[in-house]
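Read the structure below first, then the notes.
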Amino acid sequence: DQYLFACKVYNSRILSKVLAAIQLGKRETNCQVIVTESYMKFIVDLEDKSFQATATLKPDIFQDYHFPAKPIRFAVNLSNLLDCLGMYGGASSMTAAHMHYPGLDNTLVVALAEGDKVTECSLKTCRAEDLLDMRFGAYPLSSKVVIRSEILKEVIGDFEGLTDKVRFAITPNEVIWSGTGVSAECRMTIPSRADAFFYYECSRETDSQFLLNHLNLATKTASRETTEKGTLRTNSEGMLSIQHSVRTSDQGPTCAVDFVCLPLVDDDI
């Protein structure tokens, strides 16, 4: 009763695996945490305010999930949280993790239990800042495709070292990835009927350019820690949403990890 929320998961690697997918590089990065009856969300924005990563944990991955009467928000350093969860090295599947949050401006308590060993970490939290509202869903959906994760990662990887900007175009008939470097140009076309896709729908053509760094961040876990499918969506504003489902175990539920990329405008190109 002394906590606004408390939860327990039997294997700390489940949390580590999901949260590592939204770690964007800098150790000082804070992630915002939102806890409700229906989910726990961890959200990270890049400093340029054009890229957002969200990990959503549903109550069914927890053995205990005591939610607050009203949604609560706070911010915590993501790297420090991952360090705590990996304190026992992450090799064992027998490390249970408990998290408790007493209230605003208090610490997030993370307790790891393995056999007779119990280690407790107290992480400083702060007030959550206003979230970057990407408003992806506020605009009409233009396309939605479900693609093989390994193919998506391979396509993005082919632009490494060539350019720092990649153009993504989608029509009812095909998807086109292209980029131009100093001395070379790369263009890849995947027909809508190709085996690369599990699902393909495009009601409106879109053609936008994105930073390669953003696409790399959004695909870094594809095929390694995720299910075999990734979902790409575009809206009428040219925004790109990339979603993966991260495996929590061989037979257990999955957790959604979403990335939203804003397109480059003329001044950025």
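Numbering (my numbering), first residue to last: 301 to 569. C-beta atoms are modelled at their ideal positions from N, C-alpha and C, and glycine is treated no differently. As the structure is a computational prediction, the values presented were derived from the model and not from experiment.
I'd like the list of long-range same chain contacts for residue i, defined as Cβ closer than 7 Å, with 5 residues on each side in sequence excluded.
i, result
"residue 455", "477 and 488"
"residue 420", "409 and 411"
"residue 431", "332 and 343"
"residue 324", "344, 346, 353 and 517"
If you drop the 5 nearest sequence neighbours on each side, which residues of the same chain put their C-beta closer than 6 Å to that of residue i?
i, result
"residue 306", "366 and 400"
"residue 358", "339"
"residue 499", "446"
"residue 372", "304 and 335"
"residue 531", "446 and 543"
Let me know the secondary structure DSSP gives residue i once reduced to three states.
i, result
"residue 552", "coil"
"residue 306", "strand"
"residue 557", "strand"
"residue 360", "helix"
"residue 327", "coil"
"residue 547", "strand"
"residue 532", "strand"
"residue 565", "coil"
"residue 431", "coil"
"residue 349", "coil"
"residue 312", "helix"
"residue 321", "coil"
"residue 340", "strand"
What number of angstroms, rounded off, separates the C-alpha of residue i from the C-alpha of residue j?
i, j, result
"residue 316", "residue 385", "6 Å"
"residue 496", "residue 423", "43 Å"
"residue 491", "residue 473", "6 Å"
"residue 517", "residue 370", "32 Å"
"residue 546", "residue 486", "30 Å"
"residue 360", "residue 326", "30 Å"
"residue 515", "residue 414", "37 Å"
"residue 444", "residue 558", "14 Å"
"residue 330", "residue 345", "9 Å"
"residue 585", "residue 313", "Outside the modelled stretch of the chain, which goes from 301 to 569, sits residue 585, for which no answer is possible."
"residue 502", "residue 442", "6 Å"
"residue 377", "residue 482", "38 Å"
"residue 341", "residue 433", "15 Å"
Using a Cβ-Cβ cutoff of less than 8 Å, which residues in the same chain neighbour residue i once the five nearest sequence positions on both sides are dropped?
i, result
"residue 375", "330, 331, 332, 333, 425, 426, 427, 428 and 429"
"residue 528", "448, 449 and 450"
"residue 350", "511, 514, 561 and 562"
"residue 402", "302, 303, 304 and 409"
Query raised in the report: Can you find at least 3 beta carbon pairs, one from the stretch 303-322 and one from the stretch 529-539, that sit closer than 8 Å?
Result: no
Requested in this report: Decide yes or no for the touch test of the stretch 464-471 against the stretch 501-513: beta carbon pairs closer than 8 Å, at least 3 of them.
Outcome: yes
**Report entry** Entirely enclosed beta strand (DSSP E) segments - the stretch 435-522, minimum 3 residues
**Finding:** 441-448, 465-470, 474-480, 485-491, 497-502 and 506-511
Report task. Only counting runs of 3 or more residues, tell me where the beta strand (DSSP E) segments fall wholly within the stretch 370-421, in order along the chain. Result -> 372-377, 396-401 and 407-414
Query raised in the report: Can we say the stretch 446-464 touches the stretch 343-357, given the rule of at least three CB pairs closer than 8 Å?
Result: no
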